[in-house]
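In the numbering used here, the protein residues as written are 5 to 195. Here the structure is laid out as structure tokens; the discussion comes afterwards.
As structure tokens, this is what we get:
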């Protein structure tokens, strides 16, 4: 029997836990070439990407603007991102472009459908969407790229929770840029 697909939430964060600062900026989280290569490998390992409207719109350039990727590494990322099926959650969009479709079900229904549709892991992105999945107990792994900056406020990586979520640290890596990758798995109760 093969490995079970996992739902992964992965983002760049500040030391104080924000994915964007108070002005919505996240330029401090731009990956180094080493980190970009790591991101490319992670995207290649995914079977489906679930994302909110803002993240979809931010990433759309990788699929729709052939002049955007400038180097070999960026072209490889654009190819991997374009090939990845995406499900977009939005209350305002009526259509999407690229290798994407609008979500038709609830977060729980779409997560279950995505996990059932692939033998690879599924990623979820966008703070609001991921927060819903965290609150529903659907996220199996948290992956943070902790940047050496304190921004003091903005969009938090995690929502406030009413019950503690036990985690196991399953991996770390420090990049040359001093960004620290932290990978946590949700600790499941033994049965």
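The beta-carbon is built from N, C-alpha and C at its ideal position, and this holds for glycine as well.
### Query
If you follow the alpha helix (DSSP H) that residue 135 is part of, which residue opens it and which one closes it?
Residues 131-139.
### Task
Taking all protein chains shown into account, decide if residue 140 is buried (16 or more other Cβ within 10 angstroms of its Cβ) or exposed.
Exposed, by the Cβ-count rule.
### Task
Report yes or no: do the stretch 96-115 and the stretch 30-48 share at least 3 C-beta pairs separated by less than 8 Å?
By the Cβ test, the stretch 96-115 is not in contact with the stretch 30-48, since fewer than three Cβ pairs between them sit closer than 8 Å.
### Message
Let me make sure I understand the geometry here. Which of 166, 89 and 64 has the alpha-carbon closest to that of residue 119?
### Response
Answer by Cα proximity: 89.
### Task
Name, in chain order, the residues that DSSP records as bridge partners for residue 93.
Beta-bridge partners assigned by DSSP to residue 93: 56.
### Query
Is it right to say residue 144 is buried, meaning 16 or more other beta carbons lie within 10 angstroms of its own, or is it exposed?
Its Cβ being crowded by 16 or more others within 10 Å, residue 144 is buried.
### Query
How would you write the range of the alpha helix (DSSP H) that residue 49 sits in, first residue to last?
No alpha helix (DSSP H) holds residue 49; DSSP gives it neither H nor E.
### Same chain only: Cβ atoms within 6 Å of residue 5, ignoring 5 sequence neighbours per side
Here the model assigns residue 5 a pLDDT of 42, short of 50, so the residue's position is not dependable and the matter cannot be decided.
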